[in-house]
Ligand SMILES: Nc1ncnc2c1ncn2[C@@H]1O[C@H](COP(=O)(O)OP(=O)(O)O)[C@@H](O)[C@H]1O
Ligand SMILES: [Mg+2]
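In our numbering, the protein residues as written are 87 to 415.
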């Protein structure tokens, strides 16, 4: 039994993109010749994920996140390199692999649109050949923690996006997979729905040691959930490490939130210290940690204006990722 849940070695995936000649004459020319371009969607990535890890897979649109997940689930065949999931090569062992992984693609459902949720679950039980007692036990557990009780008899098309996503996540876990792949699971959800999904993912990762690879645009998801972050840019991994290290090494900008007792406190900032946001008597003041230390900035503020409340913010993953991208491009 390999220790790694996922092992990716120098993985590449090229897509051939046909370029049509434009216009009427172009469409005639298309009959005789088609130009094509190669897109290196994955350009040699290597990655090891251990059992029980919760990894955030971050990247801008088109970076190659979904392509990676499609290879790991056996939907796509790599151009070169190797991907192993639980020791198996996914596209060569698609069914065997499927029984040990769960997948959620945020933009589409794996449930049957016109069927009540419960019937979709039963169909999935049959497809995965999940044994009865374990399946029932799981359904009960998932129904409880995801709050599905009142949803089971509702046809999928009548669910809200947040309800549907909860059902989709339950569906992906009914057969008790060791690994869960989530591709943009919180896309389009309101804060409340996001929050319940985040709490649930944290819980199953802790309680069941489910290995989770999560791609999301929402850096708050990553900040809250993922101890480890992998950042992908144009098919290449540009950062792979712990969230806390990311913050320590790259999170140079700190923000102090101050509530003053008066509208226009007599403060003058310079040397990179600046007000980045204002709201009535509250101001958010940012500074570079390498140039100033927090106590120096805070001392200046409280010595020069009457302060009601003051709060030092942790650097946000979202801001750090933005600066890393700016450096690379
Ligand atoms: N089936 C396909 N055919 C051609 N190009 C594709 C295909 N799937 C993805 N791509 C291209 O590969 C790149 C990576 O896509 P994808 O993995 O979906 O990115 P992400 O999920 O990070 O947004 C993009 O440039 C995308 O246009
Ligand atoms: Mg994608």
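By construction, the Cβ of each residue, glycine as well, lies at the ideal position given by its N, Cα and C atoms. Since this is a predicted model, take the numbers as computed values, not measurements.
C-beta atoms of residue i and residue j nearer than 9 angstroms
i, j, result
"residue 176", "residue 128", "no"
"residue 245", "residue 268", "no"
"residue 266", "residue 315", "no"
"residue 401", "residue 340", "yes"
"residue 225", "residue 260", "yes"
"residue 248", "residue 192", "no"
"residue 195", "residue 254", "yes"
"residue 250", "residue 283", "no"
"residue 158", "residue 203", "no"
"residue 393", "residue 347", "yes"
"residue 189", "residue 258", "yes"
"residue 351", "residue 369", "yes"
"residue 286", "residue 238", "no"
"residue 181", "residue 171", "no"
"residue 174", "residue 132", "no"
"residue 242", "residue 209", "no"
"residue 329", "residue 349", "no"
Residue i: CB within 8 angstroms of a non-hydrogen atom of ligand 1
i, result
"residue 127", "yes"
"residue 267", "no"
"residue 317", "no"
"residue 28", "Nothing can be reported for residue 28, as the shown portion of the chain is limited to 87 through 415."
"residue 103", "yes"
"residue 389", "no"
"residue 147", "yes"
"residue 321", "yes"
"residue 154", "yes"
Through-space distance from residue j to residue i, alpha-carbon basis
i, j, result
"residue 124", "residue 373", "44 angstroms"
"residue 322", "residue 331", "20 angstroms"
"residue 220", "residue 337", "45 angstroms"
"residue 361", "residue 371", "4 angstroms"
"residue 138", "residue 91", "8 angstroms"
"residue 149", "residue 390", "47 angstroms"
"residue 334", "residue 205", "48 angstroms"
"residue 215", "residue 403", "40 angstroms"
"residue 93", "residue 407", "24 angstroms"
"residue 136", "residue 386", "46 angstroms"
"residue 169", "residue 153", "12 angstroms"
"residue 327", "residue 104", "37 angstroms"
"residue 319", "residue 411", "8 angstroms"
"residue 102", "residue 122", "6 angstroms"
"residue 185", "residue 294", "17 angstroms"
"residue 230", "residue 270", "23 angstroms"
"residue 359", "residue 396", "16 angstroms"
"residue 367", "residue 388", "14 angstroms"
Bridge partner(s) assigned by DSSP for residue i
i, result
"residue 82", "Outside the displayed range of the chain (87 to 415) lies residue 82, so it cannot be described from this structure."
"residue 314", "141, 328"
"residue 344", "369, 396"
"residue 92", "135, 171"
"residue 277", "According to DSSP, residue 277 bridges with nothing at all."
"residue 211", "The partner list for residue 211 (beta bridge, DSSP) is empty, contrary to what the question assumes."
"residue 300", "142, 268"
beta-carbon residue i near ligand 2 non-hydrogen atom, thresh 8 angstroms
i, result
"residue 99", "no"
"residue 306", "no"
"residue 95", "no"
"residue 270", "yes"
Contact belief for residue i with residue j at Cβ below 8 angstroms, rounded distance in angstroms
i, j, result
"residue 309", "residue 272", "Residue 309 to residue 272, Cβ: 13 angstroms. No contact."
"residue 160", "residue 183", "5 angstroms"
"residue 145", "residue 151", "5 angstroms"
"residue 311", "residue 140", "6 angstroms"
"residue 86", "residue 296", "This structure cannot settle anything about residue 86, because the visible part of the chain is limited to 87 through 415."
"residue 399", "residue 343", "6 angstroms"
Proximity test, residue i beta-carbon vs ligand 4 heavy atom, cut-off 8 angstroms
i, result
"residue 301", "Looking at this structure, you won't find ligand 4 anywhere; what it does contain is ligand 1 and ligand 2."
Cβ of residue i within 9 angstroms of any chain B Cβ
i, result
"residue 176", "Here there is only one protein chain, and chain B is not present."
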